[in-house]
Amino acid sequence: MRKLVLFLFLISMTLKAQSQYDQIISEISNKYIPDKRTGVFEIFIQEVDGKIVVKGETTNISAKESLINALVKFEKQIIDSVLILPSPDLKGKIFGIISVSVANMRAKPSHQSELVNQVLLGSTVKILKRSGYWYLVQTEPPENYIGWIEEGGLAIKDKTEFESWQSKKKIIFTDYFGFVYSQKDKNSTPVSDLALGNLLTVENEDKNWFFVTLPDGRKGYVEKSKAMNYDEWKRRVNFNEVNLINTAKKFVGFPYLWGGTSVRGFDCSGFTKIVFKLNGFELPRDADQQAQLGVEVNPGENFENLKPGDLLFFGQKAEDGKPEKITHVGIYIGNKEFIHCSGKVSIDSFDPKAPNFNEYRFKTFVKAKRLVKN
Numbered sequence: 001m002r003k004l005v006l007f008l009f010l011i012s013m014t015l016k017a018q019s020q021y022d023q024i025i026s027e028i029s030n031k032y033i034p035d036k037r038t039g040v041f042e043i044f045i046q047e048v049d050g051k052i053v054v055k056g057e058t059t060n061i062s063a064k065e066s067l068i069n070a071l072v073k074f075e076k077q078i079i080d081s082v083l084i085l086p087s088p089d090l091k092g093k094i095f096g097i098i099s100v101s102v103a104n105m106r107a108k109p110s111h112q113s114e115l116v117n118q119v120l121l122g123s124t125v126k127i128l129k130r131s132g133y134w135y136l137v138q139t140e141p142p143e144n145y146i147g148w149i150e151e152g153g154l155a156i157k158d159k160t161e162f163e164s165w166q167s168k169k170k171i172i173f174t175d176y177f178g179f180v181y182s183q184k185d186k187n188s189t190p191v192s193d194l195a196l197g198n199l200l201t202v203e204n205e206d207k208n209w210f211f212v213t214l215p216d217g218r219k220g221y222v223e224k225s226k227a228m229n230y231d232e233w234k235r236r237v238n239f240n241e242v243n244l245i246n247t248a249k250k251f252v253g254f255p256y257l258w259g260g261t262s263v264r265g266f267d268c269s270g271f272t273k274i275v276f277k278l279n280g281f282e283l284p285r286d287a288d289q290q291a292q293l294g295v296e297v298n299p300g301e302n303f304e305n306l307k308p309g310d311l312l313f314f315g316q317k318a319e320d321g322k323p324e325k326i327t328h329v330g331i332y333i334g335n336k337e338f339i340h341c342s343g344k345v346s347i348d349s350f351d352p353k354a355p356n357f358n359e360y361r362f363k364t365f366v367k368a369k370r371l372v373k374n
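Just so we're aligned: the sequence shown equals residues 1 to 374 in full-length UniProt numbering.
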């Protein structure tokens, strides 16, 4: 009987300690990495032979240090087996450049896994770790989105190789779709397909063609009529409401694709993201993240305070003890109309008398944010 009581007591103490460990993990995770889409904090704690064994991985060294310091109070030996990403197994090759027109980013290292994002050719990513022929990567700031990309879509570099690529002259592809050709001939064999916003380095050029190199070393020719010098493009970009709306309208009718952020297909926030990107402004990946930017605008009783270019957010307002929940985003274009991607990119209205009135979006409108400065 005494043995049973002792056994139950030990079980109770172990469960109590584990509960305390889990609470510490939760508190530190919420403090340092509140958004798991932009950081990693996968930590496990267990007691083995009276020692606290800490395992897992994180992208935040301060979070790890805070965790270890919080465990000191238990006055037990701590075995720290937490890996700081990027993984040392990568041997310094932690710089990735997207080498296909549109790289699909997935939630897990599998083609069957959810599509969570897309990254355009020439975009840079940080390599965090490898699993088979998949790499866990993080997109560049301010997006910082984390997901898995197949190795075939990446050119992986060390620091020297990466800096060399960054320093080279580049072009941006400005048509919806196109190709890198093997010869100065549109009937020649393609080297790669291209999509709007792709970046390539330029080796040479003549009157009609750019001679380019892809991040993985492939070479070919791009029609000059469909691309332009990237530095010149950046100088020409003018972030204003007129250009935003003109860009957005160019995608009317394009299909919806969950996880899509390219002309291959958009989800709602992927659409707003590429519209702003093509006007020189980088938005975060998802609608709820985009809702954290800008200045909130009181729309007025009849939406009279809104201006073209304002981001409109839909979902559930904070009420009856329930938190605000943003599930959709669009762009206001004036006259009570907005453009968004739901099924396809379309223009809908808040006006009940309009033929394109969208009752569902009217009822689920939450707030508007302004990013374009007057």
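Beta carbons are placed, not taken as given, at the ideal position from N, Cα and C, and that holds for glycine.
- Check whether the stretch 189-205 touches the stretch 94-114, counting contact only when three or more Cβ pairs, one atom from each stretch, lie closer than 8 Å. Yes: at least three Cβ pairs fall under 8 Å.
- Query: Could you give the C-beta distance for G202 and K170, rounded to a whole number, given that I count them as a contact under 8 Å?
  - Reply: At residue 202 the sequence reads Val, which differs from the Gly that was named. A Cβ-Cβ distance of about 6 Å is found for the pair V202 and K170, placing them in contact under the 8 Å criterion.
- Message: Checking the sheet assignment: what are the DSSP bridge partners for L199?
- Response: Note: L199 sits in a beta bridge opposite I172.
- Item | Proximity below 9 Å, CB of S269 to CB of L278 | No, they are not a contact pair.
- Message: Tell me which residues share the same chain as P308 and place their Cβ nearer than 7 Å to its Cβ, disregarding the 5 neighbours each side in the sequence.
- Response: Within the same chain, Cβ atoms closer than 7 Å to the Cβ of P308 are found at E241, I245, Y332, I333, G334, the five residues on either side in sequence being excluded.
- Message: Is the beta carbon of G147 closer than 9 Å to that of V116?
- Response: The Cβ atoms of V116 and G147 sit closer than 9 Å to each other.
- Determine the DSSP secondary structure at P190, reduced to helix, strand or coil. Strand, per DSSP.
- Message: Taking only three categories from DSSP, how would you classify L15?
- Response: Note that L15 scores 47 on pLDDT, short of 50, meaning its location in the model is unreliable; the coordinates nonetheless yield the value given after this. Residue state, collapsed to three classes: helix.
- Item | Rounded separation between F95 and T160 - CA only | Cα to Cα, the separation comes out at about 10 Å.
- Within the chosen definition, does the stretch 221-235 reach the stretch 247-254 through at least 3 CB pairs nearer than 8 Å? Because the criterion of three Cβ pairs below 8 Å is not met, the stretch 221-235 and the stretch 247-254 do not touch.
- Task: Could you say which of G280, L311, F281, G343 lies nearest to V295 if we only look at CA atoms?
- Result: Minimum Cα-Cα distance from V295 among the listed residues G280, L311, F281, G343 corresponds to L311.
- Task: Find the nearest neighbour of Q23 within the set I45, G300, K36, judged by alpha-carbon distance.
- Result: With distances taken between CA atoms, Q23 lies nearest to I45 out of I45, G300, K36.
- Message: For the beta strand (DSSP E) containing S349, name the first residue and the last one.
- Response: Unbroken beta strand (DSSP E) run through S349: 344-349.
- Task: Out of T272, Y32, K73, state which residue places its alpha-carbon closest to the alpha-carbon of A63.
- Result: Of the residues T272, Y32, K73, the one whose Cα lies closest to the Cα of A63 is Y32.
- Item | K36 to I61 span [Cα, whole Å] | Across the structure, K36 and I61 are spaced so that their CA atoms are roughly 15 Å apart.
- Message: If distances are taken between C-alpha atoms only, which option among K184, S188, T327 comes closest to Y360?
- Response: In terms of Cα proximity to Y360, the closest of K184, S188, T327 is T327.
- From E301 to T139, what does the alpha carbon distance come to, in whole angstroms? A straight-line Cα-Cα distance of about 40 Å links E301 and T139.
- Query: Which residue's Cα is closest to the Cα of G122: A368, V212, V345, F314?
  - Reply: Selected option, being the one with the closest Cα: V212.
- For W258, which residues does DSSP report across the bridge? Note: W258 sits in no beta bridge, so no partner.
- E359 (DSSP reduced to helix, strand or coil): Here E359 carries a helix assignment [DSSP, helix/strand/coil].
- So what does DSSP say about D80, is it helix, strand or coil? Strand at D80.
- Query: Where G315 and N238 are concerned, what is the direct C-alpha to C-alpha distance, given to the nearest angstrom?
  - Reply: Using only the alpha carbons, I get a separation of about 31 Å.
- Message: Let me confirm a value: H340 is counted as buried when at least 16 other C-beta atoms fall within 10 Å, else exposed. Which label applies?
- Response: The residue is buried, with at least 16 neighbouring Cβ atoms inside 10 Å.
- Message: I need the boundaries of the alpha helix (DSSP H) containing Y230, first residue and last residue.
- Response: Taken as a continuous stretch (DSSP letters only), the alpha helix (DSSP H) holding Y230 covers 230-236.
- Task: Report buried or exposed for I28, applying the criterion of at least 16 other Cβ atoms within 10 angstroms of its Cβ.
- Result: Per the 10 Å Cβ criterion, buried.
- Could you check what DSSP says for I68 in three-state terms: helix, strand or coil? Here I68 sits in helix by DSSP.
- Report all residues from its chain with a CB closer than 7 Å to the CB of Y133; omit the five preceding and five following residues, and keep chain order. Hits under 7 Å: E150, E151.
- Query: Under a three-way DSSP split, which group does Y21 fall into?
  - Reply: Helix at Y21.
- Task: Would you kindly report the start and end of the unbroken beta strand (DSSP E) that includes K325?
- Result: That run of the beta strand (DSSP E) goes 325-334.
- With DSSP as the reference, label S123 as helix, strand or coil. When secondary structure is reduced to three states using DSSP, S123 falls in the coil class, being assigned neither helix nor strand.
- Query: What do you reckon, are the CB atoms on L71 and A103 nearer than 9 Å?
  - Reply: For L71 and A103, no; Cβs fall outside 9 Å.
- Query: Between the beta-carbon of V54 and the beta-carbon of I79, is there less than 9 Å?
  - Reply: For the 9 Å CB-CB criterion, V54 and I79 form a contact.
- Terminal residues of the continuous alpha helix (DSSP H) containing V275? First-last of the alpha helix (DSSP H) with V275: 268-277.
- Please determine, among K126, R130, A107, G56, the residue with the shortest C-alpha to C-alpha distance to D89. Of K126, R130, A107, G56, the residue nearest in Cα terms is R130.
- Task: Check each candidate in V366, F362, S342 and name the one with the smallest Cα separation from L257.
- Result: Among V366, F362, S342, the Cα nearest to that of L257 is on S342.
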